[in-house]
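Visitor: When you read off a place in the sequence shown, starting at 1, and then add 2, the result is the number in my numbering.
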Amino acid sequence: MIAPYLASKRDQTFIDKFLLGSKLNPYLEPFEYERLNSLERILLAHRSEDRLESTQWDLRDRLALHPPDPARSNLLFDGALATGGLTFSTLNQARDKANGFFGRVADGIDAPASPPAEGKPAAGGAGAGIAAGTSRGRSLRRSLESNALSREAKDEARAETESAVKEMKKLGAVQDKRQAKAKEGREKAELQQKDLAGKEDAFDAYASESDLDASTVEALYRAVETTREWAETNYYRLPIGSHTHDLIAESRFWLDYVRHEKGKAFGSRHLGEAARNIHETLLALAVLDLPFDSPESSMDIDGPKLVFTAADSAIAFHREIKEAELADNRPPLLVSQAYFRHGDRHRIENGEQVDKFVSDEFVTSVVYGAQVVVTNPTSTRQKLDVLLQIPQGAMPVLGHRATVTRKISLDPYTTQRLEHFFYFPAAGDYPCYPAHVSKSGAVIAHAGKFTFKVVNEPSRVDESSWAHISQWGTGEQVLTYLSKMNLHNINLLQIAWRCRESGDFFRKALEILHRRGKYHRELYSYGLFHNHMPIARQFLLVDGRYLNNCGDYLASELVTIDPVARRAYEHLEYKPLVNNRSHVVGGTRKILNGRIRNQYQSFLRILSQKPTLDHADQLSTTYYLFLQDRAAEAMDRLDTVNAEALPTSIQYDYFRAYSAFYRAQPDEARAIAVKYTQHPVDRWRERFVNVIAQADEIQGKGPQIVADEDRNQQQAKLAAAEPTLDLRVSGSLVTIDYQRVTNVQVNYYEMDLEFLFSTNPFVSSNSGSFSVVRPNKSERLQLADDKRSHNFELPREYQSKNVLVEVIGGGKKRSLAVYSNELNTAVSERYGILTVRHAGDNRPLPATYVKVYALTSSGPQFYKDGYTDLRGKFDYASVSTSDIGDVLKFSVLVMSGENGATVLEAPVPQQ
Numbered sequence: 003m004i005a006p007y008l009a010s011k012r013d014q015t016f017i018d019k020f021l022l023g024s025k026l027n028p029y030l031e032p033f034e035y036e037r038l039n040s041l042e043r044i045l046l047a048h049r050s051e052d053r054l055e056s057t058q059w060d061l062r063d064r065l066a067l068h069p070p071d072p073a074r075s076n077l078l079f080d081g082a083l084a085t086g087g088l089t090f091s092t093l094n095q096a097r098d099k100a101n102g103f104f105g106r107v108a109d110g111i112d113a114p115a116s117p118p119a120e121g122k123p124a125a126g127g128a129g130a131g132i133a134a135g136t137s138r139g140r141s142l143r144r145s146l147e148s149n150a151l152s153r154e155a156k157d158e159a160r161a162e163t164e165s166a167v168k169e170m171k172k173l174g175a176v177q178d179k180r181q182a183k184a185k186e187g188r189e190k191a192e193l194q195q196k197d198l199a200g201k202e203d204a205f206d207a208y209a210s211e212s213d214l215d216a217s218t219v220e221a222l223y224r225a226v227e228t229t230r231e232w233a234e235t236n237y238y239r240l241p242i243g244s245h246t247h248d249l250i251a252e253s254r255f256w257l258d259y260v261r262h263e264k265g266k267a268f269g270s271r272h273l274g275e276a277a278r279n280i281h282e283t284l285l286a287l288a289v290l291d292l293p294f295d296s297p298e299s300s301m302d303i304d305g306p307k308l309v310f311t312a313a314d315s316a317i318a319f320h321r322e323i324k325e326a327e328l329a330d331n332r333p334p335l336l337v338s339q340a341y342f343r344h345g346d347r348h349r350i351e352n353g354e355q356v357d358k359f360v361s362d363e364f365v366t367s368v369v370y371g372a373q374v375v376v377t378n379p380t381s382t383r384q385k386l387d388v389l390l391q392i393p394q395g396a397m398p399v400l401g402h403r404a405t406v407t408r409k410i411s412l413d414p415y416t417t418q419r420l421e422h423f424f425y426f427p428a429a430g431d432y433p434c435y436p437a438h439v440s441k442s443g444a445v446i447a448h449a450g451k452f453t454f455k456v457v458n459e460p461s462r463v464d465e466s467s468w469a470h471i472s473q474w475g476t477g478e479q480v481l482t483y484l485s486k487m488n489l490h491n492i493n494l495l496q497i498a499w500r501c502r503e504s505g506d507f508f509r510k511a512l513e514i515l516h517r518r519g520k521y522h523r524e525l526y527s528y529g530l531f532h533n534h535m536p537i538a539r540q541f542l543l544v545d546g547r548y549l550n551n552c553g554d555y556l557a558s559e560l561v562t563i564d565p566v567a568r569r570a571y572e573h574l575e576y577k578p579l580v581n582n583r584s585h586v587v588g589g590t591r592k593i594l595n596g597r598i599r600n601q602y603q604s605f606l607r608i609l610s611q612k613p614t615l616d617h618a619d620q621l622s623t624t625y626y627l628f629l630q631d632r633a634a635e636a637m638d639r640l641d642t643v644n645a646e647a648l649p650t651s652i653q654y655d656y657f658r659a660y661s662a663f664y665r666a667q668p669d670e671a672r673a674i675a676v677k678y679t680q681h682p683v684d685r686w687r688e689r690f691v692n693v694i695a696q697a698d699e700i701q702g703k704g705p706q707i708v709a710d711e712d713r714n715q716q717q718a719k720l721a722a723a724e725p726t727l728d729l730r731v732s733g734s735l736v737t738i739d740y741q742r743v744t745n746v747q748v749n750y751y752e753m754d755l756e757f758l759f760s761t762n763p764f765v766s767s768n769s770g771s772f773s774v775v776r777p778n779k780s781e782r783l784q785l786a787d788d789k790r791s792h793n794f795e796l797p798r799e800y801q802s803k804n805v806l807v808e809v810i811g812g813g814k815k816r817s818l819a820v821y822s823n824e825l826n827t828a829v830s831e832r833y834g835i836l837t838v839r840h841a842g843d844n845r846p847l848p849a850t851y852v853k854v855y856a857l858t859s860s861g862p863q864f865y866k867d868g869y870t871d872l873r874g875k876f877d878y879a880s881v882s883t884s885d886i887g888d889v890l891k892f893s894v895l896v897m898s899g900e901n902g903a904t905v906l907e908a909p910v911p912q913q
């Protein structure tokens, strides 16, 4: 089901190609790899086994940069507990056993002889621990009894819950009855619609509201929907430009997934971390090996233990109380003083930045800093003086002095940090007068004493640090470090000089970065310096700033600018769209819809920069020409397309079938569509089935509804079932075209037709004035049920006169000015569809020109024009740019070069 849909997509994404089993090697390159999210990188690693280990490292190293967030972890954990995955019955059974067990335990508790040792408090996961001292036994008993005592309250709560459940079931039953009644009403409506066929008086106009079933209400005309812009669906309702790495960022859940062993069920205790958006949530659920339906699990009490037995794979969240130890390393209070190397004062531990203090050896000619932290642990604001002094034998730098007093004001329970910098010009042991804090001339606190051991050369060098290896290590040592260590917390710019000096080192280093999925702009830029085309190409593509000035499309040996690959352009479709003009007005073709115009201009701009157009370009051009009703040009483009050169053929075949109708070849359209009648994708299958339905209707079969939600198909089907009545005249022969009408009354009014038509485009608009005038003549005609037309001669006295013929029947009233033509026109007033047939053989007349004027509050106005289709049909009411709500009625001119012309009125379809 999924594969055929993905295979028919014009521009496939990584997920599409992964599911289809296509080659994924291009996504290993930085330009594509940098945009893959965490899951996509994992899927790529599973397909490319040589990248699996490096992907695991990369995910681990990225997570190492993120400090733990206990608050969010607790929030996710509490949310999991709040879901209440255990049922009431299971919890109640376990509760009953627990009450019995803990009750027996409480009866045997004696008061302790002495208080427990200090330093052993109990820490609860969500609250205080059990009280200590002689009251411990009583407190425990009260706690256990309260657990048991709430049996009555809990029983009441359980009763309320069960009552609520029963109430919900009742509501569900009521809803089921309502739905069943609605379904019965729809079926009844269908039967009544069949029974009402051809019955004029079947509807009682004087029935009460209670007697009228809503199911008998007939559907009215539906105005054409607002034109919408459609793009290919990838991630749910997410534009292609938003498909970035941050869509699914790294987390411990995805780290567990990339590490899990193939063939084994996958689960992760970090499930909550993969819920930052709907896309990540759905994908996380997709990779978890949990059952779709949760089978009943069981719980039991085994002494002081709660035993949970899962019937299938499960992820369990639980909370318990354990004894906690006091921390051994308490933070210093009031004043602390520490020293660090300027420019190298931090390191990363467990994803958090921590200070990197120096406490053993100090090196001459190296700048160091002293960090003094003063804390006010009191509830009173403190105004203090802090004396700072550099060590003996040191020189101040960076604008600092050897000795300085700083005045500070500390609010209650706050801390302030002070710094000063210095260096040692010579080796030796130098004491330092520590920082002193005074208030009102009295010293109230000071830091500890410290003696500096200053050397010319350090006795120990951290040869494993990046700072040392990047500057002093051999090339092999640097490459080894790049192969094994975390690349996300080091400054790769420190080896830029190596990449410039040695092309061999540059290629090896970049090969390692590529293998580990790490892109660095400055290092990749040396691809241009060394004329290394693959690396230079990736630099230009990823950086993008230079290519942004090179146009929308460029094909060269070095780089190709593909707007689709760069996600700067995507194919968009627009529907429903009904253009109100078929011909160019004023000598210039205009696209009135701004969004369509901008999209089309962007498309043309890209095509203009290509040396030649490929077959996919020609097919896209075909679509946009059809969108503008430029059918002849669209078909010319379609004829240039080679189907074998296209990545998919279904779009090409649909355009062929679509074009076959313009070429009056419905049989060819049907032959093309037949092979897709069983296509697994609903949207494409319904399109081709609709092609077959239209071909059948052209050959005389009734209209069919292929898709229930399709507005055009519904309108055509309902129009075919509606009673219709219309008139046409050929010479002295008057023809009544009807459907579901049994008898009519014909009235004749003499009139000056030439004067009426020349003064008003609505030729029949003055016919209303005859409603208060007695007709010159009237007669009653019976219509045959098995026919669709009835012919009769004009009375001899009116055959040489201009006469308005009025026909009344079936709840319809039609009037027509009699003049000569060979056209047979029928209007479905509810759905805005005009049908034009030949008066002689009743065949549909395609390509017949139709012009429509609308009578609005401001007077007659041009509304739309166009041509009938192969079925002889024309939708006279639907346009995308006008508001039908302001239209009072339509006047329609039907003009055929071979069959003459006629003017008729058409009402506004009911909405």
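Here a beta-carbon is modelled for each residue, glycine too, at the ideal position from N, C-alpha and C.
None of the values given here were measured: they were computed from a predicted structure.
DSSP has residue 431 in a bridge; who is on the other side?
Guide: The count along the sequence shown starts at 1 and reaches residue 431 at position 429. Answer is 455.
Visitor: In whole angstroms, give me the CA-to-CA distance for residue 909 and residue 735.
Guide: Working through the sequence shown from its first residue, we reach residue 909 at position 907. Working through the sequence shown from its first residue, we reach residue 735 at position 733. Computed Cα separation, rounded: 26 Å.
Visitor: Just confirm the distance between the C-beta atoms of residue 256 and residue 497, as a whole number of angstroms; I'd bet it's less than 8 Å.
Guide: Position 254 of the sequence shown, counting from 1, holds the residue named residue 256. Position 495 of the sequence shown, counting from 1, holds the residue named residue 497. Not really, about 29 Å apart at Cβ, beyond 8 Å.
Visitor: Since residue 297 contacts residue 313 with CB under 8 Å, what's their CB separation in whole angstroms?
Guide: As a working mapping, residue 297 is identified with position 295 in the sequence shown. As a working mapping, residue 313 is identified with position 311 in the sequence shown. 4 Å between Cβ atoms; contact.
Visitor: Rounding to the nearest angstrom, what Cα-Cα distance links residue 556 and residue 566 in this structure?
Guide: In the sequence shown, counting from the first residue as 1, residue 556 sits at position 554. In the sequence shown, counting from the first residue as 1, residue 566 sits at position 564. Cα to Cα, residue 556 sits roughly 12 Å from residue 566.
Visitor: Any idea what DSSP makes of residue 682, helix, strand or coil?
Guide: The residue given as residue 682 occupies position 680 in the sequence shown. Coil at residue 682, not helix or strand.
Visitor: Apply the 10 Å Cβ neighbour rule to residue 526 and answer buried if 16 or more other Cβ atoms are within range, or exposed otherwise.
Guide: On the sequence shown, residue 526 is found 524 positions in, with the first residue counted as 1. Buried, since its Cβ has 16 or more Cβ neighbours within 10 Å.
Visitor: Using 8 Å for Cβ pairs, my map puts residue 231 next to residue 727. What's the rounded Cβ distance?
Guide: Stepping through the sequence shown from its first residue, residue 231 is reached at position 229. Stepping through the sequence shown from its first residue, residue 727 is reached at position 725. Actually they do not touch by this definition, with Cβ atoms about 41 Å apart.
Visitor: Tell me the rounded alpha-carbon separation between residue 477 and residue 485.
Guide: As a first step, residue 477 is located in the sequence shown; it is residue number 475 there, counting from the start. As a first step, residue 485 is located in the sequence shown; it is residue number 483 there, counting from the start. Taking the straight line joining both Cα atoms gives about 12 Å.
Visitor: Looking only at its chain, what residues have a beta carbon closer than 6 Å to the beta carbon of residue 541, apart from the 5 residues adjacent to it on each side?
Guide: Translated into positions along the sequence shown, residue 541 becomes position 539. Excluding positions up to five away in sequence, the list reads 526, 527, 529.
Visitor: Less than 7 Å separating the beta-carbons of residue 432 and residue 391?
Guide: Here residue 432 refers to the residue found at position 430 of the sequence shown. Here residue 391 refers to the residue found at position 389 of the sequence shown. In this structure, residue 391 does not lie closer than 7 Å to residue 432 by Cβ.
Visitor: Among the candidates 748, 826, 698, whose CA atom is the shortest distance from the CA of residue 797?
Guide: Counting from one through the sequence shown, the residue named residue 797 turns up at place 795. For the residues 748, 826, 698, the minimum Cα distance to residue 797 belongs to 748.
Visitor: Using the beta-carbon count (16 or more within 10 Å), is residue 5 buried or exposed?
Guide: Taking the first residue of the sequence shown as 1, we reach residue 5 at position 3. Under this definition residue 5 is an exposed residue.
Visitor: Of all the options 655, 887, 48, 848, which has the alpha carbon lying nearest to the alpha carbon of residue 859?
Guide: Stepping through the sequence shown from its first residue, residue 859 is reached at position 857. Of the candidates 655, 887, 48, 848, the one whose C-alpha sits nearest the C-alpha of residue 859 is 887.
Visitor: In the DSSP assignment, find the unbroken beta strand (DSSP E) run with residue 576 in it and report its ends.
Guide: The count along the sequence shown starts at 1 and reaches residue 576 at position 574. Looking at the DSSP string, the run of the beta strand (DSSP E) that includes residue 576 is 574-577.
Visitor: By a C-beta neighbour count over all protein chains shown, 10 Å radius and 16 as the cutoff for buried, is residue 594 buried or exposed?
Guide: To locate residue 594, count along the sequence shown from 1; it is residue 592. Result: exposed.
Visitor: Do the stretch 601-609 and the stretch 631-650 touch if we need at least three Cβ pairs shorter than 8 Å?
Guide: Segments in contact, no.
Visitor: Go through the stretch 551-614 residue by residue and report every complete run of the alpha helix (DSSP H) that reaches 4 residues or more, in order.
Guide: 596-610
Visitor: Out of 360, 611, 393, which has the shortest C-alpha to C-alpha gap to residue 462?
Guide: Residue mapping note: residue 462 aligns to position 460 of the sequence shown, counting from 1. That would be 360, whose Cα lies nearest to the Cα of residue 462.
Visitor: State the DSSP-derived secondary structure class of residue 285, mapped to helix, strand or coil.
Guide: Residue numbering aside, residue 285 sits at position 283 when the sequence shown is read from its first letter. DSSP places residue 285 in the helix class (H, G or I) of the three-state scheme.
Visitor: Let me know if residue 197 comes out buried or exposed under the rule of 16 or more other beta-carbons within 10 Å of its beta-carbon.
Guide: Along the sequence shown, one-based indexing puts residue 197 at 195. In this predicted model, residue 197 has a pLDDT of only 42, less than 50, meaning its place in the structure is not dependable; the value taken from the coordinates is given anyway. Classification of residue 197: exposed, given that the 10 Å Cβ count is below 16.
Visitor: Alpha carbon to alpha carbon, what distance is there between residue 64 and residue 531?
Guide: To locate residue 531, count along the sequence shown from 1; it is residue 529. To locate residue 64, count along the sequence shown from 1; it is residue 62. For residue 531 and residue 64, the distance between alpha carbons rounds to 30 Å.
Visitor: Does any CB atom of chain D fall closer than 7 Å to the CB of residue 548?
Guide: Absent from the structure is chain D; it holds one protein chain and no more.
Visitor: If we call anything under 7 Å between Cβ atoms a contact, is residue 510 one with residue 481?
Guide: Within the sequence shown, residue 510 is the residue found at index 508, counting from 1. Within the sequence shown, residue 481 is the residue found at index 479, counting from 1. Result yes, Cβ atoms of residue 510 and residue 481 sit closer than 7 Å.
Visitor: If you count every other CB in all the chains shown that lies within 10 Å of the CB of residue 466, and 16 or more means buried, which is it?
Guide: The residue given as residue 466 occupies position 464 in the sequence shown. The residue in question, residue 466, is exposed, as its Cβ has fewer than 16 Cβ neighbours within 10 Å.
Visitor: Beta strand (DSSP E) containing residue 736: first to last residue?
Guide: Within the sequence shown, residue 736 is the residue found at index 734, counting from 1. Per DSSP, the continuous beta strand (DSSP E) segment holding residue 736 begins and ends at 735-741.
Visitor: So, is residue 309 buried or exposed, given that buried needs 16 or more other C-beta atoms within 10 angstroms?
Guide: Along the sequence shown, one-based indexing puts residue 309 at 307. Looking at its Cβ environment, which holds fewer than 16 other Cβ atoms inside 10 Å, residue 309 is exposed.
Visitor: Verify whether the separation of the beta carbon atoms of residue 388 and residue 408 is less than 7 Å.
Guide: For this step, residue 388 is matched to residue 386 along the sequence shown. For this step, residue 408 is matched to residue 406 along the sequence shown. Taking 7 Å as the Cβ cut-off, residue 388 and residue 408 qualify as a contacting pair.
Visitor: By the three-class DSSP mapping on this structure, what secondary structure does residue 876 have?
Guide: As a first step, residue 876 must be located in the sequence shown, where it is residue number 874. Looking at residue 876 - three-state DSSP - the assignment turns out to be strand.
Visitor: Terminal residues of the continuous alpha helix (DSSP H) containing residue 537?
Guide: Position 535 of the sequence shown, counting from 1, holds the residue named residue 537. It spans 535-545 - the alpha helix (DSSP H) in which residue 537 sits, taken as one unbroken run.
Visitor: Find the nearest neighbour of residue 693 within the set 725, 655, 683, 730, judged by alpha-carbon distance.
Guide: Residue mapping note: residue 693 aligns to position 691 of the sequence shown, counting from 1. Of the candidates 725, 655, 683, 730, the one whose C-alpha sits nearest the C-alpha of residue 693 is 655.
Visitor: Suppose you measure from the CA of residue 560 to the CA of residue 533; what does that come to, to the nearest Å?
Guide: Locating residue 560 in the sequence shown gives position 558, counting from the first residue. Locating residue 533 in the sequence shown gives position 531, counting from the first residue. Roughly 10 Å separates the two Cα atoms.
Visitor: Do you know whose CA, among 863, 851, 898, lies nearest residue 877's CA?
Guide: Numbered from 1 along the sequence shown, position 875 holds the residue referred to as residue 877. Per the Cα distances, 851.
Visitor: Rounded to whole angstroms, what is the Cα-Cα separation between residue 674 and residue 248?
Guide: Reading the sequence shown from its first residue, position 672 is the one you call residue 674. Reading the sequence shown from its first residue, position 246 is the one you call residue 248. Cα to Cα, residue 674 sits roughly 44 Å from residue 248.
Visitor: Can you tell me which residues form a DSSP beta bridge with residue 373?
Guide: Sequence index remark: in the sequence shown, residue 373 carries index 371 (1-based). 340, 421.
Visitor: By Cβ distance, which residues of its chain are closer than 6 Å to residue 794, with the 5 residues on each side in sequence left out?
Guide: The count along the sequence shown starts at 1 and reaches residue 794 at position 792. Within the same chain, residue 794 has close Cβ partners 736.
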